[in-house]
Amino acid sequence: MSFNVNERYNCVVIEFKGNIMGGPVAVELNSKLHELIDAGKKNIVVDLSKVKFMNSSGLGMLIGALTTMRNSGGDLRIANATDKIESLLIITKLITVFDHYRTLDEAVKSFEA
0 MSFNVNERYN
10 CVVIEFKGNI
20 MGGPVAVELN
30 SKLHELIDAG
40 KKNIVVDLSK
50 VKFMNSSGLG
60 MLIGALTTMR
70 NSGGDLRIAN
80 ATDKIESLLI
90 ITKLITVFDH
100 YRTLDEAVKS
110 FEA
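Each residue of the sequence shown is one higher than the one before, counting from 0 in numbering that gives the first Met the number 0.
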């Protein structure tokens with residue numbers, strides 16, 4: 000798994016690729032989130048369009064990221080979840096925890112409201 004970070008309008012988009020399974024990348028993500036918070040960038044959209052698989056550690060990583068952002072006065076929203084990932088979020092009832100959007104544009108625009 001890897002991720003790219005890009006600024007887009009009023010938020011930061013984190014695009015994940017591959018399988019989200021926690022591990023060392025979770026530590027890297029946490030460090031990146033704290034850098035963004037320190038820079039005053041607290042609106043995050045996670046693009047899951049290129050994620051093929053996510054295990055429980057990956058879910059925990061996303062929950063941790065959401066908690067980090069909300070504790071700093073920001074938020075983390077999910078966009079472009081594949082059917083497989085969306086099913087996982089529904090089964091685990093995490094779909095009710097995350098604000099989720101079908102497209103990246105919808106998620107980005109949601110921060111304007």
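A virtual CB, placed ideally from N, CA and C, is assigned to each residue, including glycine.
On the DSSP bridge assignment, give the partners of residue i in chain order.
| i | result |
| --- | --- |
| residue 12 | 5 and 44 |
| residue 98 | 76 |
| residue 19 | 53 |
So residue i packs on residue j, CB below 8 Å; how close in whole Å?
| i | j | result |
| --- | --- | --- |
| residue 18 | residue 110 | Incorrect: roughly 28 Å between the Cβ atoms, too far for contact. |
| residue 113 | residue 94 | Summary: the structure shown does not reach residue 113, with the chain confined to residues 0 through 112, and so no result is reported for it. |
Given a threshold of 16 other Cβ atoms within 10 Å of its Cβ, counted over all protein chains shown, does residue i qualify as buried or as exposed?
| i | result |
| --- | --- |
| residue 22 | exposed |
| residue 26 | exposed |
| residue 59 | exposed |
| residue 101 | exposed |
| residue 6 | exposed |
| residue 90 | exposed |
Touch test, the region 80-87 against the region 38-52, Cβ-Cβ under 8 Å, three pairs minimum: yes
Contact between the region 64-76 and the region 19-37 is defined here as three or more beta-carbon pairs at a separation below 8 Å; is this criterion met? yes
| field | Start-end ranges of the alpha helix (DSSP H) lying completely within the region 22-87, minimum 4 residues | value | 23-37 and 55-70
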